[in-house]
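All letters in the sequence shown, in the order written, are residues -19 to -1, 1 to 222 by mature numbering (1 follows the signal peptide of the UniProt record, and there is no 0).
Backbone N, C-alpha and C define an ideal beta-carbon position, used for all residues, glycine too.
Here the structure is a predicted model, which is why all the values come from computation and not from measurement.
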Amino acid sequence: MKAVALALTIFCLAGALRAEEMVELKTESYPPFSYRDADGTYKGTAIEQVETIMRDARLPYSLEMLPWARAIALAETKANNCVFTTAMTPDRENRFKWVIPLSTSPNILVRHIDSDVRAATIDDAKRYMVGTHRGDYTEGLLTNWGFQKIDISADFDTSLRKLLDRRIDMMPMSENVYDRLKRNGTPVEKVMQFALQQFGIACQKDMADETIARMQNSLDAMKRDGRMAEIYRRYGLNPPK
């Protein structure tokens, strides 16, 4: 009996330790949600949201910035990995466990301000070369909606450079990202709304349910007490409704 009791104790302790394993958080460079400051410090609305979630949940974590395709692949295949800020699309919903929503944001198609590109509908937009980055949910939308002229880059910044160099006609981006670019004097102009999307933290499916619940409870509390709105205002953005 003592041996059985000892085995049960070890099993229970192992379960507790697994729940407290390091959560490996991955994200991409996508200002104003996530980016590196001049001194290398990670900044952005999503960075601050996620760090607050992890501190409040009292969960150990690491944070790394990677190209999006790599970041989301790790979150799907490697234990204790999560990726943000991730669009919860029908294709992705059952592939991850979710902490959601960090935000709900319109995604728009944007052109160079001096371009003569015009589109009022998705069918209009299909006539043009549209750029996005590998693994982003907009790549799937463009493909599923029948776009034939799609330029795929390694990351958002590369797609933006192509747009500014007039190598692509349009690219999709969050409306908050567009607003920040405009405030910084970047020569871009909105063409049309592309999608309305909910974003969150996507975690590997074997992540402990207790860990997900603690993270979700922390996110919900941050929304209720106004801290989420404060984070957005610090970056000059309207808080999510």
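Exposed is the label assigned to Ala101, since fewer than 16 other Cβ atoms lie within 10 Å of its Cβ. Selection Phe128, Gly181 and Val111 evaluated against Met154 yields Val111 as nearest (Cα-Cα). The alpha-carbon of Asn219 is positioned some 20 Å away from that of Phe65.
Counting along the chain, the unbroken beta strand (DSSP E) around Glu170 starts and ends at Val169 to Cys184.
Spanning the alpha carbons of Ser84 and Glu74 requires a straight line of approximately 16 Å. As computed with DSSP, Tyr16 is found in a beta bridge with Lys24. Between Tyr159 and Ile89, the CB-CB gap stays under 8 Å.
One thing to note: Glu2 has its Cβ within 8 Å of the Cβ of Asn61.
Between Ala183 and Phe77, the CB-CB gap stays under 8 Å. In the DSSP annotation of this structure, the continuous segment of the beta strand (DSSP E) that includes Leu6 starts and ends at Val4 to Thr8.
If you compare the alpha carbons of Val172, Ser140, Arg39 and Arg92 with that of Thr192, the shortest gap goes to Arg39. Between Thr113 and Ser96, the CB-CB gap reaches or exceeds 8 Å. Linking Met151 to Arg214 through their CA atoms gives a straight-line distance of about 29 Å. Secondary structure note for Asp132: it is in no alpha helix (DSSP H), and the uninterrupted beta strand (DSSP E) holding it is Ile131 to Ser134. The stretch 39 to 87 contains, as complete alpha helix (DSSP H) runs of 4+ residues, the segments 49 to 58 and 71 to 74 (chain order).
Counting along the chain, Val158 sits inside the alpha helix (DSSP H) bounded by residues Glu156 to Arg164.
Excluding its 5 nearest sequence neighbours in each direction, Tyr42 has C-beta neighbours in its own chain below 7 Å: Met3, Val4, Leu6 and Met35, listed in chain order. Look at Val98 here: in three-state DSSP terms it is coil, with no helix or strand label.
Rounded to whole angstroms, the separation of the alpha carbons of Phe137 and Val98 is 20 Å. Under DSSP, Pro153 forms a beta bridge with Leu90.
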